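Keeping their order, the protein sequence lines are chains A and B.
Numbers 1036 to 1365, taken from the numbering used here, label the letters of the first sequence in order.
Numbers 155 to 417, taken from the numbering used here, label the letters of the second sequence in order.
Note that the Cβ used here is the ideal one computed from N, Cα and C, for glycine as well.
Predicted model only: the values in this text are computed from it and were never measured.
Written below as structure tokens is the structure these notes are about.
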Amino acid sequence: MNSNAIVAENLTKRYRTRVKAEGLGAGVKALFQPNYREMDAVKGISFTVQKGEMLAFIGPNGAGKSTTIKMLTGILHPTGGAMQVLGYNPVENRRELCAHIGTVFGQRSQLWLHLPPVDSFAMLGAIYGIDDAERRRRVDVLAQRFGLGEFLHTPVRKLSLGQRIRCEIAASLLYEPDILFLDEPTIGLDVVVKQAIRELILEWNREKGMTVFLTSHDPGDVEHICRRAMVIDHGDVVLDQSVQTLKESYLNRKVITVKFFRPQALPAMDGVRMECDDTQAVLTVDTRQRPIGEVMTAVTNAGGVADITVNDPPMEEIITAIFSNREARA
Amino acid sequence: MSKARKYFVIARIHVQNAFAYRANVISGLLYYTLFIFVFFSLWQAIYQEGSVNGYTHGQVVWYLIATELVVFGCRTPIVSKINEDVKTGAMAYLLNRPVHYIAYQAAAAVGQILANLCFFGVLAVALGFLFVGPIPNFRWAGIPCMLLSGLLGVALQFSSMVAIGLTAFRLEDNSAVYLIFQKLVFMLDVFLPVEFLPVWLQGIAKALPFSYVAWGPAKLFVDFTWSLFFRIVPMQLLWFSVMTGFALLMYRSGMRNLQMNGG
């Protein structure tokens, strides 16, 4: 039995875009003799994803992440290479494939904005051929797990972003896909909602063995959801390793921002870089050297804390560190 | 069976949705009533006695009621919706579902159109009886043919709107195309029966698709004859096929471009 959920071999995507030169003359000339420029969005990447695996597919903006997802889901046709998703060729068998995959694009809604989620679920149930009794049972389970009960009958356009994303993910799980493609699923959400969504995805993976293919700019998503990370840049895979290794090498810093009621001095600590500014301090903690709990205790012991937040360093910083490390090694 | 069920559910939910927006329904009904009243008064001032171009006053008012019923019945935001889906790239994301985009839009529109026809149909009949009484010499036996022609008129209007919406794949701004279509339907079809146009224009109007959206079914409604039926319905079928073919062609070439080049 094939244990691969996704196989990509030498996958390439070249876009052809029209180039408009400056000036009126060039504009008129372009009417009769248009100029085109070709751009490689994905340059022959190869990888496999096992069934039940949770992969983070990360990289800077324009790296080719979304293009790869679009090719794997059959939205875009590749220029070259071969791919198989659940044994289907997404180009030739898109209709068959789409019954087995779920997609959540954080910045695009797959729900019908003017309809309440319950109607969207009914339509999706019919579209995916789920009978009414089974659809109602699944909606009940999802509504309970995702806490959708209170807004199940409110038009989607009236929901908050967090509520909408919960509905989006629930909608993608309604037909129990074998692979869930998540493109920036937690963008713009608050910490509590992000955490709830991560737990739900993990739970679904544990219970149903669902494969997860995630792209995100939030290191927290990568750290909490995935076990393997693949970094892509300019259409090439530059790193493919376990999230544990990535964590030890790059996700080992936390940023604590503290606001005090009055100017406050903090004790120097090994593994902590401090930037103090009157009543605010930003502490960058190397968690390999000093546990975050110790730093939090030291800060609260200093007294006069008005507000405190703990964040991961931005994904861009982590990716920059990965690239710098590679260049240094090269 | 499963295919039919999915499109049936899509249509059913859109009917429910149409009933949910009460303000839209009420304002539409008021606008329809006002429109019919204004033109009823206008035609009353024009008609002193007898008939004009073969239409009595009663017939011309019922004609207007029928053409406006088709127009109001077909009021769906389909052109702007397709436009938006093409421009924002949302159409690409719909490829992820086991549903055909055009068939989905058709099912959704059928739901809305059915709901619209229910609302406006009852009002249309009430207004007709209130203003001018029953249609003179109405041919009850022709009702199935009138309904068929009405259905084809609605289908032609829908396929034309889909085709216009899909021109967004090629045109940066296709609002002018829609505006011209709307005006031509209004001038050659809704506002005046084709028989009221100059003779040289009548031939042109009867060869173009615009007249077959509402003039065809409304003419059969107020003055049914078999010869007219056999002239109008084949033209409706022809133009419906042409518009549907054009819409599918635009869709396929647009999707191919989208899948090859990201839109």
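Proximal chain A residues relative to residue i, where beta-carbon distance stays under 9 Å
i	result
Y405/B	Within chain A, no residue comes near Y405/B; the closest Cβ sits about 15 Å away, beyond 9 Å.
A246/B	K1105, I1110, L1111
I167/B	W1147, L1150, D1154, S1155, A1157, M1158, A1161
S156/B	A1161, G1164
Straight-line Cα distance separating residue j from residue i
i	j	result
H211/B	W197/B	7 Å
N291/B	G399/B	38 Å
H168/B	L1146/A	14 Å
E1258/A	V1084/A	18 Å
M1089/A	A317/B	42 Å
F173/B	G275/B	15 Å
Y209/B	N250/B	53 Å
A246/B	L342/B	37 Å
P1349/A	N270/B	52 Å
S205/B	S314/B	33 Å
D1305/A	V1273/A	32 Å
N1124/A	S1359/A	37 Å
M300/B	R1192/A	40 Å
R1171/A	I256/B	27 Å
Q1068/A	G1058/A	15 Å
M404/B	E1234/A	44 Å
N1070/A	N411/B	17 Å
L305/B	V1247/A	47 Å
L1281/A	A1264/A	8 Å
Y1050/A	E1073/A	6 Å
K337/B	P363/B	13 Å
F340/B	T1138/A	43 Å
Listed by chain order, chain A residues near residue i by CB distance under 7 Å
i	result
P252/B	R1130, C1133, A1134, I1162, Y1163
V163/B	A1157, M1158, A1161
R159/B	A1161
Q311/B	Residues of chain A passing the Cβ test: none, with the nearest at roughly 22 Å.
Q259/B	Simply none; closest approach about 12 Å.
Supposed contact pair residue j and residue i - C-beta distance, whole angstroms, cut 8 Å
i	j	result
S1195/A	E1219/A	At roughly 17 Å, the Cβ-Cβ gap does not stay under 8 Å, so S1195/A and E1219/A are not in contact.
A199/B	G265/B	With a Cβ gap of about 40 Å, A199/B and G265/B do not count as contacting.
Q413/B	H1269/A	Actually they are not in contact, since the Cβ atoms of Q413/B and H1269/A sit about 23 Å apart, beyond 8 Å.
D1225/A	G1197/A	7 Å
L281/B	T221/B	Actually they are not in contact, since the Cβ atoms of L281/B and T221/B sit about 13 Å apart, beyond 8 Å.
L1237/A	I1260/A	6 Å
L1177/A	A1157/A	Wrong, their Cβ atoms sit about 13 Å apart, outside the cutoff.
A1043/A	K1055/A	Wrong, their Cβ atoms sit about 34 Å apart, outside the cutoff.
Interface partners of residue i on chain B, CB under 9 Å
i	result
G1115/A	Those within 9 Å of G1115/A in chain B number zero; the least Cβ separation is about 13 Å.
N1143/A	Going by the sequence as given, residue 1143/A is Arg instead of Asn. Neighbours of R1143/A on chain B, chain order: T242, G243, A244, Y247.
Residue range of the unbroken beta strand (DSSP E) whose run includes residue i
i	result
E1044/A	1039-1054
I1080/A	1070-1085
E1088/A	Unbroken run through E1088/A: none, as it is neither H nor E.
A1397/A	Coverage of chain A is limited to positions 1036 through 1365, which leaves residue 1397/A absent and any answer about it impossible.
E349/B	Looking at the DSSP string, E349/B is not in any beta strand (DSSP E), and its letter there is neither H nor E.
M341/B	Note, M341/B: premise wrong, no beta strand (DSSP E); not H, not E.
T1246/A	1246-1250
Beta-carbon neighbours of residue i, restricted to chain A and to distances below 8 Å
i	result
I358/B	Neighbours of I358/B on chain A: none; closest Cβ ~32 Å, over 8 Å.
N171/B	H1149, L1150, D1154
Enclosing alpha helix (DSSP H) for residue i [first to last residue]
i	result
R176/B	176-200
I1232/A	1226-1243
R1170/A	1167-1181
Q1142/A	From DSSP, Q1142/A is part of no alpha helix (DSSP H); its letter is neither H nor E.
R988/A	Because chain A here runs from 1036 to 1365, residue 988/A falls outside it and cannot be looked at.
I1214/A	Element bounds for I1214/A: not the alpha helix (DSSP H) but the beta strand (DSSP E), 1214-1218.
Q1279/A	1278-1284
L320/B	297-320
D239/B	232-242
Cβ neighbours of residue i in the same chain (closer than 6 Å, five flanking residues each side left out)
i	result
D1256/A	T1221
G417/B	Residue confidence for G417/B is low, a pLDDT of 48 falling below 50, so the modelled location carries little weight; the figure read from the coordinates is stated next. Result list for G417/B: G243, in chain order.
M1245/A	L1215, W1239
A278/B	I219, L223
D1271/A	K1078
T1189/A	P1151
E1310/A	V1317
Residues of its chain near residue i, where Cβ-Cβ distance is below 7 Å and the 5 sequence neighbours each way are ignored
i	result
C228/B	I267, V308, Q311, F312
T1028/A	Nothing about residue 1028/A can be read from this structure; chain A reaches only from 1036 to 1365.
D1321/A	N1287, R1288, G1306
P1095/A	D1268, E1351, I1354
L1121/A	A1040, L1132, H1135, D1213, I1214
Where residue i meets chain B, residues with beta-carbon distance less than 7 Å
i	result
F1092/A	Here the premise fails: no neighbours, minimum Cβ distance about 17 Å.
Under 8 Å from the C-beta of residue i: neighbouring residues of chain B
i	result
T1389/A	Here chain A comprises residues numbered 1036 to 1365, so residue 1389/A is not present and cannot be evaluated.
Contact set for residue i: own chain, Cβ-Cβ below 8 Å, skip 5 residues either direction
i	result
F383/B	G296, C299, S303, L374
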